[in-house]
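Protein chains in written order, with this note's numbering: chain A, 884 to 1052; chain B, 18 to 524; chain C, 495 to 647. All residues carry an ideal CB built from backbone N, CA and C; glycine is no exception. None of these values were measured; they are calculated from a predicted model. Below: one structure, written as structure tokens.
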């Protein structure tokens, strides 16, 4: 890994992780949602860095473009007043939270330490989108078409339930 | 520039295109269902309110056509769409079971119309999507396909569970179902991605070699365990059973009936295919680092079976709502069926065939029980067990038929439930799982109590009112009697019919 | 090795710097400093804002967002297809047909949402009353009708 590649990686990683920390420390749930957006953008950058261009573009298009809007709209339609996250956090949960977090951290550190990491040779990475397109059109033709039915059910079902709730309200 | 300049293998693609016709020939039942579901959704848009029943006829017709096409499928086993699906007698059998369940569900929906509402375009469209997902579950051999099929079936189920109008309990049930369901599907997806990471292949058929090669790998055990957990959710088996009572009670009764048979059948179909590929007969399972066997799959499934049936039966003892009780009974039955899965390969796949047969029996029995629940609640306007007091004299036919269905759920002769349970127990004993068979026996004895309690209410207790209810409508009579007949007939013909004797898997 | 996406990185960095510099540095230097309470209003020369911006929004926003997300996912499928379309369509129209089937299935959903009026922003009084989706279940008159018919049968 050359110096600039390393620099790029750590920049992208910081873009993914630092906003993640900010989510934890935001007092306002909408601010947290916007920090999540920045974090997702950093992850998209990491995907591109690893040569997974399809994944990167999908991340930008669906997560940053779509899911984030859904989250923010979800906040807008469900709550009547400003939500303060500090009110939601409860003191009595502090001890169990620290214990659970500690256990997970220990387990992760243990696994990271035990694993023998094999760095792959820095080979030329090809963009994957065209290969994915080829597979979708040939071997994975059936999943491709079934995916459209899954989307259809999501659309019709979501619209249907939302409409019903609206009438009830 | 981006990848546009990359050279693709157009020759291989031309070959693939010329082979697609063959795959499509084995896929007509699903295609018909897909077209019907789109047609129902579109037709509903232009339909006047007076003729809204037409969507039910369309859904029924499409399912019937699909069922006919299933019986006409070419019989030689082969794989479709480059290994995505298997066309074999196993998948054909399960597709037929699911489609018969759907036909009955459509009729039950019409019977339960007062509760469900009259305008049912979306309902039938999404119901058919769920059926399509379940049929794909019965035949998938690729893990991406399995995941998509499970997801299609689940998403559709969440929507139809919430269908009941102005019903808070229905919305709550749907929300619980969706939240737990997404956890289960995430677990399964994680398991699949681990398996893919270990093999670089998504085919289910390749698992057998892997199981042996990965002899010392704890990761493999965890990956398979995660996939099984995702399937357990659809089967309503321990440890993913907790959604059942709330969803069964909150959903419209026709949907409850559909979920309790079709969803369970499809999930067991995948489980059978998955476990048969894993070859539980050889000593695979979660192994320790030194290669010693820590837990083999047979024991894991057997323990899950024992816990599932015990939990279901114990909880069913204290229920006052009949749908909730049948929900717990459905958990218990998942346990009995898992017993057959644990003894899958014993004596030329007797366990395997016992499971298939039991699912067929359970289809008729449970749909019948729910049909009676609908018929009764149309008159009595209640789903509480208390309301069944004195029903033996006030509605003699539904009471008699419910007796038959409950006998079959207990597993008493002369009903098919006995044959089915007998086959399952024999498979477990042949496998040497004596303790499991004894557990099953104790559980059956426990279950007698809560099934019989309903009979006691119907025949031995009197209600204040004595006048008979008006006879159920024609559809109700035809449905309940029509479902009771196979429950009786399969007992007399069950062993001879041998439909499940010749089931075989591709690969 | 990452040369392919280097232009994207440069673009992102330049874009981010442009915004950050303009908003926080350049504007601070160039702008006049007026400490007037008017300046702190939401709309400096419009209506004074009343109440909180935190009201419960209409469910329709959610429906629109949902439709948007579904079609964003659809585009994600179209992108790799578009990359291979030129080469594979040399084999025949099969690639085209595959995408047409995919789009037709989704079009059913779109037509459904459109025809049922879920995308209409201002619903007419007529659709509020009759409703594209008949509500016989909620109509007590109709319900007794159907149960009477059932009893007669």
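In the structure shown, residue 911/A adopts extended strand secondary structure according to DSSP, grouped into three states. Of all residues in the stretch 1029-1047 of chain A, only 1030, 1031, 1032, 1034, 1035, 1036, 1037, 1038, 1039, 1041, 1042, 1043, 1045, 1046 and 1047 come within less than 9 Å of chain C when Cβ atoms are compared, listed by chain position.
One alpha carbon belongs to residue 198/B, the other to residue 150/B, and they sit about 15 Å apart.
The beta carbon of residue 472/B sits closer than 7 Å to those of 420 and 423, all from its chain and outside the five residues before and after it, given in chain order.
Check the Cα spacing between residue 162/B and each of 120/B, 200/B and 99/B: the tightest is with 99/B. Counting only runs that start and end inside the stretch 432-468 of chain B, the alpha helix (DSSP H) elements of at least 4 residues fall at 433-447. By the Cβ-count criterion, residue 530/C is exposed, with fewer than 16 other Cβ atoms from all chains shown falling within 10 Å of its own Cβ.
When 176/B, 203/B, 194/B and 142/B are compared, the shortest CA-CA separation from residue 258/B is found for 194/B.
At a Cβ-Cβ threshold of 9 Å, residue 171/B and residue 202/B count as neighbours. Contact residues of the stretch 601-618 of chain C toward chain A are 602, 603, 604, 606, 607, 610 and 612 (C-beta to C-beta distance below 8 Å).
Interface annotation for the stretch 557-582 of chain C against chain A: 557, 558, 559, 560, 561, 562, 563, 564, 565, 566, 567, 568, 569, 570, 571, 573, 574, 575, 576, 577, 578, 579, 581 and 582, criterion Cβ-Cβ distance under 9 Å.
Residues of chain C whose Cβ lies closer than 7 Å to the Cβ of residue 44/B do not exist, since the nearest Cβ in that chain is about 13 Å away. Under the 8 Å Cβ criterion, the stretch 589-609 of chain C counts as touching the stretch 50-64 of chain B, having at least three qualifying pairs. From the beta-carbon of residue 953/A, the residues of chain C found nearer than 9 Å are 556, 559, 560, 562 and 563. According to DSSP, residue 401/B shares a beta bridge with 338/B. With respect to the C-alpha of residue 370/B, the residue from 101/B, 436/B and 80/B having the closest C-alpha is 436/B.
For residue 104/B, the uninterrupted beta strand (DSSP E) segment begins and ends at 102-104. Listed in chain order, the positions of the stretch 538-551 of chain C with a beta carbon within less than 8 Å of a beta carbon of chain A are 546, 548, 549, 550 and 551.
Put simply, the backbone Cα of residue 116/B is about 29 Å away from that of residue 399/B. For residue 957/A and residue 521/C, the gap between their C-alpha atoms comes out near 34 Å.
Just so you know, the alpha carbons of residue 285/B and residue 112/B end up roughly 12 Å apart. Straight across, the Cα-Cα distance linking residue 153/B with residue 166/B is about 6 Å. Near chain A, meaning a CB-to-CB distance below 7 Å, the residues of the stretch 583-597 of chain C are 589, 592, 595 and 596.
Under the Cβ distance rule, residue 191/B counts among the residues neighbouring chain A, one pair being separated by less than 9 Å. Residues of the stretch 993-1024 of chain A that bring their beta carbon within less than 9 Å of a beta carbon in chain B comprise 1009, 1010, 1011, 1012, 1013, 1014, 1016, 1017, 1020, 1021, 1022, 1023 and 1024, in sequence order. Distances from the CA of residue 378/B to each of 509/B, 287/B and 450/B were compared; the closest alpha carbon is that of 509/B. In terms of beta-carbon proximity, residue 238/B stays away from the interface with chain C, with every pair separated by 9 Å or more.
Taking all protein chains in view, the Cβ of residue 40/B is crowded by 16 or more other Cβ atoms within 10 Å, so the residue is classified as buried.
Secondary structure of residue 313/B (DSSP, three-state): strand. Under the three-pair Cβ rule at 8 Å, the stretch 266-277 of chain B counts as touching the stretch 381-395 of chain B.
Boundaries for residue 554/C: no beta strand (DSSP E) harbours it, while the alpha helix (DSSP H) harbouring it runs 553-582, taken from the DSSP string. A straight line joining the alpha-carbon of residue 101/B with that of residue 220/B spans about 8 Å. Around the C-beta of residue 501/C, fewer than 16 other C-beta atoms lie within 10 Å, and the residue is accordingly described as exposed. With a 10 Å radius around the Cβ and a threshold of 16 neighbouring Cβ atoms, residue 993/A comes out exposed. Taking 8 Å as the Cβ-Cβ cut-off, the stretch 503-515 of chain C approaches chain A at 503 and 506, given in chain order.
Around residue 173/B, the beta-carbon contacts reaching into chain A at under 8 Å are 1036 and 1040.
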